[in-house]
Every structure is written in structure tokens, then in C-alpha cells.
Amino acid sequence: MTARIHPLLGAFAILVFLFLLAPLVIIVGASLSDTTYLTFPPQGLTLRWFANIFEISAFRNTAITSFQVAILGTGLSLLIGIPAAYALNRYRVGLPKWLGTLFILPILVPEIVFGFSLLKTITIGLGLPVYPSLIIGHALLVLPYSVRVVGASLASFDFSVEEAAISLGCPPLKTFFTVVLPNIRAGVIAAFILAFITSINDVSISVFLTGPGISTLPIQILAHMEQFFDPTIASVSVLLMLVTVGVMAIVEMTLGLTFLTK
Amino acid sequence: MTVSLTIENLSAHYGQTQVLKDLSISVAAGELVSLLGSSGCGKTTTLRIVAGFLAPTSGHVKLGDRDLTTLPAHARDIGLVFQNYALFPHLTVMENVAFGLKQRGISSSDRAKRATAMLERVGLAPLADRLPAALSGGQKQRVALARALVIEPPLLMFDEPLSNLDAKLRVDMRVEIRQLQKANGTTSLYVTHDQEEAFSISDRVAIMNAGRIMQLDTPEVLYQKPANAFVARFVGFENLIPMKTVARDGVIVTAEAAGGARLHLSQDAFGPIKDDFVLATRPDGLVTRGTGEGIPATLGTRTYLGRAYQYKCETAAGEITANGALSEMFEPGATAVLVPLPEQCCILDPEN
Ligand SMILES: Nc1ncnc2c1ncn2[C@@H]1O[C@H](COP(=O)(O)OP(=O)(O)O)[C@@H](O)[C@H]1O
Ligand SMILES: [Mg+2]
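Top line first, the protein sequences correspond to chains W and D.
Quick note on this note's numbering: the first sequence kicks off at 451 and runs consecutively.
Quick note on this note's numbering: the second sequence kicks off at 23 and runs consecutively.
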């Protein structure tokens with residue numbers, strides 16, 4: 451027995467998919483064009499714009515920075531987010547409701563406002579150099595994912611299991627690592643991936659926090675575009691997309707994609 | 023190693039609400055004592071304080087002569103069995119059972135040996151490599167039992183361990199728990215809201231109400247000689263009839279209920295009888311008769327019980343439920359007398 455789908459609904463779904471996929475097709479096409487300006491459909495086929503990325507040192511350096519910031523920022527957010535999510539779930543009854551909302555504020559506040567306030571507090575207020583500012587800024591940006599996604603798997607964790615371990619002689623901290631953590635592993639990995647992808651694609655926070663000499667890849671793409679309107683932009687975008695798709699593929703193979711939407 | 027458990031003058035609060043009120047229980051070495059009471063009366067709270075997950079506002083918990091009150095939970099060495107099993111979902115049956123041994127630094131070969139032996143005792147050795155998700159409720163609770171027993175704790179505690187199982191399994195499991203507990207001689211505290219379960223499994227039962235122990239006694243004493251009105255109602259003495267002594271003649275006391283009905287009661291049967299007392303009976307402790315000495319009643323609804331009829335009766339002392347012989351059936355509205363059977367009644371001090 452298969453579910454019956456209304457023909458109009460089917461047509462609508464196909465339109466939505468086309469709408470979502472069209473820009474990606476155009477970008478891929480444009481990145482292969484043998485012209486010095488961005489155009490679609492591509493005129494002639496070449497991979498030289500991909501080669502060009504690697505010749506421009508700014509792309510190489512910012513890509514490295516982006517990866518470092520994404521990994522360290524995401525790691526930092528989990529370091530804060532996992533204990534926060536644990537406390538919010540474990541002591542749910544005793545805690546005020548707004549405390550949970552506090553941790554998703556970075557999603558609720560307009561990003562441009564959030565970026566500007568980070569600039570005011572971290573870079574100007576604390577006088578931190580660009581690199582640590584970026585890491586702290588990105589950690590705060592992705593903190594909601596850490597807290598919410600880890601929190602979702604803790605919500606279905608039965609805390610009497612933790613008490614069972616303690617009663618069997620396992621001290622509380624050790625219990626967290628040997629009993630709680632293995633049971634929320636999927637949530638932690640999901641949080642890491644969502645946070646990592648958010649961080650590596652971020653523009654609005656980074657635009658405030660990057661400074662002379664240190665930038666991230668998306669910011670470099672913008673900077674490059676202001677000077678050269680050539681297909682390099684398209685080829686970098688394609689590479690960035692491939693990284694995201696690659697990460698998703700790893701998730702799909704190890705855990706199954708459905709657990710991101712669960 | 024068997025030791026006694028002593029709970030002394032325990033009080034506990036959640037915020038401003040007091041949930042345990044000066045609660046004292048002692049469990050002798052090797053004894054199984056149940057906490058029996060309706061939901062919310064503080065049974066779990068008591069257990070969690072003994073386990074070390076909650077701190078009491080005042081009072082002490084002692085195991086043998088060791089004071090546990092300030093000891094952290096993981097250092098208390100108490101076996102716990104939970105209502106929802108609380109097995110480690112990511113560990114196999116074998117690893118679940120060996121967990122406590124591992125915390126005690128026991129070598130992996132000894133762990134395997136002891137865990138296997140324990141799994142054999144609960145009949146689960148063939149399932150050693152399964153994950154908990156692949157077990158039935160009864161199997162899960164057996165694993166939980168094995169996991170708690172294998173560390174050979176001086177004290178075992180159970181929090182409604184059978185509530186999630188079906189009726190047939192509940193009876194089998196409680197026999198099994200009792201056998202294991204007796205064989206090991208482990209001092210045990212067992213929480214349940216099921217009277218039959220508590221009475222069948224325990225050496226003694228503590229009946230709890232609103233954070234207090236109402237009576238702690240053997241099932242026989244509780245069932246036949248409740249100490250107060252709460253326990254009497256709890257064990258089925260539905261009728262509590264206030265009486266006043268009007269005359270004494272040797273061991274025979276003549277007492278009067280509201281409305282003037284007189285009864286003669288022997289102090290040989292009931293022990294010393296005070297001037298004011300409450301006569302407590304189950305429905306089958308009152309016989310409904312057409313005439314004779316007893317409490318005059320107007321009969322109401324009749325229910326057929328198979329072995330007898332049961333009547334809701336109106337009397338001057340209030341509504342009373344009484345049984346009557348099958349051979350003598352009364353219609354609703356008939357008048358009759360209710361005759362107490364002394365061996366089925368008990369006498370309560372209204373002060374308690
Ligand atoms: N975490 C808590 N916060 C506030 N009140 C609680 C909490 N846990 C239990 N209570 C209250 O304490 C009383 C006793 O609870 P509990 O010991 O769990 O009862 P039982 O196990 O006998 O059903 C109940 O009235 C319950 O509502
Ligand atoms: Mg309870």
C-alpha cells in the first residue's frame with residue numbers, strides 16, 4: 451500500500467526542489483566557464499578557476515583559518531554546551547524556564563546585531579586579538595546547536611541509569627563519562643556537525659571579528675568578489691559546498707541522516 | 023556479612039514542603055522490611071535518602087554501626103533495584119552485571135566468572151551478550167537484580183521493582199526475589215504500594231502515610247491487630263464504630279454504640295478495653311441477622327459475593343458494610359441486626 455499524493459502537491463514539491471537546486475546547478479556551471487567573468491550557461495569548459503584558487507594565497511590562508519576556527523569554536527561550544535545541556539535536563543524541576551532560552555539567544559538575536567555586540571565586547575572591550583576573538587565569537591554563535599541538540603538526546607536519557615551506576619560504586623564524574631556520555635554520543639556528534647557547518651559558512655559574525663591579516667574563507671570570497679568578478683568565486687563556492695556534502699556523507703554513512711532531523 | 027539498617031528520626035523537605043516527618047525504621051540483619059503506602063507518601067524519598075541521593079533535613083541512617091548520613095552515594099555499597107530497571111543501555115547483559123565489580127577493581131577474569139555465576143542464578147546466562155533493548159520486562163528486571171546482587175552488598179533496596187510487569191510475572195518474580203534475598207541473607211528494604219506484594223514478601227511491613235510510619239509489624243499483626251484507624255482501614259477494616267463502656271463485670275465489658283445498641287465484649291479476647299474505644303470490623307466480621315443482640319440496621323444495596331451477601335447498612339452509628347449468610351437473604355429496606363464476631367474484630371484506641 452502506498453500513500454496517495456495529490457498531483458498538485460507533487461508538482462509543488464518538484465517546483466520547490468528545482469528552486470532549491472537551481473542556484474547550485476548555476477554555481478557549478480559558472481565555475482567551469484572558460485570566460486573571465488561569471489556567466490551561465492558556461493561558455494567552454496575549464497578547470498582553471500579551480501586551479502586559480504590554489505594560486506591565490508589568500509584563499510589558502512583563509513581556508514586554513516576557517517577550518518581552525520570552526521573546529522576550535524565548535525569544540526569550545528561543546529565544552530560549554532554539554533555541561534549546560536546536562537544541567538538543564540538533570541535539574542529541570544529546580545531551574546527557572548528562561549535559563550534554557552538564554553542558551554539559544556544567539557539564534558534569536560539578529561546576526562548582525564550579535565556580530566556587532568561581539569565586536570564591542572570581545573575585540574574592543576576585552577582587547578583580544580583577532581584569532582581568539584573569532585574562536586570565541588564562533589563558539590557563542592554555535593552554542594545554541596550544542597545545547598539544543600545535546601539537550602534533545604539528554605531529554606530521552608533516563609537519569610536513574612546514572613543513579614544505578616553511582617549506587618554500584620562509580621563516582622559521579624566518572625559516571626558522566628562512562629555512562630551518560632556513551633548514551634548521548636549521537637547527539638554530541640550531530641551537534642558538532644551542525645555547529646561546524648554553521649561556523650564554516652558564517653559571514654555576519656566573522657565580518658565584524660576578522661581584522662588585518664586574518665580572515666575567514668567566506669569573508670575572503672566577498673573581498674575577492676569586490677575586485678574580480680571572475681569564476682574563481684563560483685569554484686570556491688563549489689569547494690565549500692563539497693566540504694558540506696562530504697561531512698553530510700560521513701554522517702549518512704556512520705549514523706544515518708535522519709538523526710539530524712529527529 | 024549481614025548487618026542491620028537503622029533509620030533514625032528522618033525528616034526531609036522539598037523546598038518548604040515537609041515530605042518525611044520524624045521517620046524511624048530498623049531492619050534487623052538479614053530481614054526484609056517493606057515500606058507500604060499510597061503514591062506520594064514518601065517511600066521513594068526514604069529510599070533515596072538511604073541511598074545517598076538526597077540529604078535529609080535531620081536524622082541519621084546507619085548500616086551496622088557505620089553512620090552513612092554524610093557518606094557520598096557511590097561509597098555506600100548499597101544494591102538498588104529500580105521500577106524502570108535502569109539498565110545501562112549501551113552495555114550488554116554481562117557488562118551490566120559486571121559493572122559494579124569493575125568499579126571495585128576486580129580483575130576481568132574474576133568479573134566474568136562472578137557475573138556468569140550470578141546470571142545463571144537468575145536464569146539469564148544464555149542472554150549474556152544481548153543489549154537491554156532486546157530483553158523483555160521480566161528479563162530486564164532479572165538483570166537489574168543480578169547487577170545489584172553480584173556486588174554482595176550489605177543492604178539491598180527495591181523501589182516498586184515489579185510495578186511494570188504483568189500480574190503473573192509479578193507473582194513469580196516476587197517469589198524469586200524473596201528466595202535470592204533469603205539465600206544470601208541480605209538485609210533489605212522493599213518499597214511497594216501493593217498490599218498483597220508487601221505482605222507476601224516481607225518479614226515485617228511499615229505502613230506509611232503522609233511521611234510517617236503508621237505501624238511497623240509482621241503482616242499477621244498488621245492484618246489482625248492494626249494499631250490505629252489508618253492501618254485498620256488500610257488492611258480492610260471498613261467499619262470503624264465508636265463505642266462507650268457503660269458497665270464492667272469481671273472480664274466482660276458492656277459497651278454502647280451511638281443509637282444505644284449494646285454489645286458484650288470479653289477482655290480475654292480483646293485485651294484491656296478502655297472507656298472510649300473504636301470497634302473495627304471487616305464486612306465479614308459482622309453477621310446480618312433478623313433478630314438478636316447487635317446493632318440495629320436498615321439494609322440497603324445487596325451484593326452477591328459468592329460465599330455470602332454483602333449489605334450496605336444504615337445504622338445510628340453511620341453507614342456500615344456487613345455480610346449475611348446465603349441462607350437468609352434480606353431485601354433492601356428490611357430491618358435487621360448486625361452481630362460482631364469477636365474473633366474477626368479488633369479494638370482501637372481513638373487516641374492513636
Ligand atoms: N523532586 C521533587 N520536588 C518536589 N516534590 C517532590 C519531589 N519528589 C517528590 N516530591 C513530593 O514528595 C512527596 C513524596 O514523594 P515520593 O517519596 O516520591 O512518594 P512515593 O514514592 O511514596 O510515591 C510527594 O508528595 C511528591 O509529590
Ligand atoms: Mg515512589
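Every residue gets a Cβ at the ideal spot worked out from N, C-alpha and C, and that includes glycine.
Just so it is clear, the structure is predicted and the values come from calculations on it, not from any experiment.
Open item on the list: Spatial neighbours of K247/D within its chain, please: C-beta separation below 7 Å, excluding the five flanking residues on both sides.
Closed with: C368
Open item on the list: Nearer than 7 Å: is that true of the beta carbon of E182/D relative to any heavy atom of ligand 2?
Closed with: yes
Task: Every unbroken alpha helix (DSSP H) within the region 502-542 of chain W, with a cutoff of 4 residues, ordered by chain - done: 507-540
TODO: Decide if P457/W is buried, meaning its Cβ has at least 16 other Cβ atoms within 10 Å, or exposed.
DONE: Exposed, because fewer than 16 other Cβ atoms sit within 10 Å of the Cβ of P457/W.
Task: Rounded separation between A283/D and G316/D - CA only - done: 6 Å
Task: Under 8 Å by beta carbon: chain D residues contacting P632/W - done: Residues of chain D passing the Cβ test: H112.
TODO: Measure from the alpha carbon of N502/W to the alpha carbon of each residue in A699/W, V693/W, T682/W and M691/W, then state which is nearest.
DONE: T682/W
TODO: Write down the C-beta distance between H112/D and P622/W rounded to the nearest angstrom, noting that I regard them as a contact closer than 8 Å.
DONE: Actually they are not in contact, since the Cβ atoms of H112/D and P622/W sit about 18 Å apart, beyond 8 Å.
- [ ] Please go through the same chain and pick out, in chain order, the residues whose beta-carbon is closer than 7 Å to the beta-carbon of L371/D, but skip the five residues on each side of it.
- [x] Inspection of the sequence shows that residue 371/D is occupied by Asp rather than by Leu. The residues are K296 and F299.
Task: For Q246/D, three-class secondary structure by DSSP - done: In the displayed model, Q246/D falls within a helix according to three-state DSSP.
Open item on the list: Whole angstroms are fine: how far does the CA of A156/D sit from the CA of L149/D?
Closed with: 9 Å
Task: First through last residue of the alpha helix (DSSP H) which encompasses R304/D - done: Where R304/D is concerned, there is no enclosing alpha helix (DSSP H), given that its DSSP letter is neither H nor E.
Open item on the list: When you compare the CB of A73/D with every CB in chain W, is at least one pair closer than 8 Å?
Closed with: yes
TODO: Please find out if some non-hydrogen atom of ligand 4 comes closer than 7 Å to the beta-carbon of T68/D.
DONE: Annotation note on ligand 4: not contained in the displayed structure, which lists ligand 1 and ligand 2 as its ligands.
Task: Every unbroken alpha helix (DSSP H) within the region 218-247 of chain D, with a cutoff of 4 residues, ordered by chain - done: Runs of the alpha helix (DSSP H) inside the region 218-247 of chain D: 241-246.
Open item on the list: By DSSP's criteria, C620/W is part of a beta bridge. Which residues make up the other side?
Closed with: DSSP lists no partner for C620/W.
Task: Residue of F110/D, H286/D, G207/D and A120/D minimising C-alpha distance to M265/D - done: Per the Cα distances, H286/D.
TODO: Spell out a yes or no on whether the region 181-188 of chain D and the region 35-54 of chain D are touching, meaning 3 or more CB-CB pairs, one atom from each, closer than 8 Å.
DONE: no
Task: Spatial neighbours of G207/D in its chain, beta-carbon cut-off 7 Å, leaving aside the 5 residues before and after - done: T24 and G52
Open item on the list: Just checking: is the beta-carbon of D608/W within a distance shorter than 8 Å of some beta-carbon in chain D?
Closed with: yes
TODO: Give the secondary structure of T67/D by DSSP, where H, G and I count as helix, E and B as strand, and everything else as coil.
DONE: helix
- [ ] Check whether the Cβ atoms of E350/D and G314/D lie closer than 8 Å to each other.
- [x] no
Open item on the list: So that I know if they touch, is there some Cβ in chain W lying closer than 8 Å to that of R126/D?
Closed with: The C-beta of R126/D comes closer than 8 Å to at least one C-beta of chain W.
Task: Beta carbon proximity, N31/D to chain W, threshold 8 Å - done: no
Task: Nonlocal neighbours in the same chain, by C-beta distance under 7 Å from K712/W, ignoring five residues either side - done: Model confidence at K712/W stands at a pLDDT of 49, short of 50, so the residue's coordinates are unreliable; what they give is reported in the following sentence. Excluding residues within five positions, none has a Cβ falling inside 7 Å.
TODO: Answer with buried or exposed for Y541/W, where buried requires no fewer than 16 other C-beta atoms within 10 angstroms of its C-beta.
DONE: exposed
- [ ] Identify the continuous beta strand (DSSP E) that holds H286/D and give its terminal residues.
- [x] R284 to S288
TODO: Report the residues of the region 75-100 of chain D with a CB closer than 9 Å to any CB of chain W, ordered along the chain.
DONE: F75, P94, A95, H96, A97, R98, D99 and I100
Open item on the list: Tell me whether V630/W, by its Cβ, gets closer than 7 Å to a heavy atom of ligand 1.
Closed with: no
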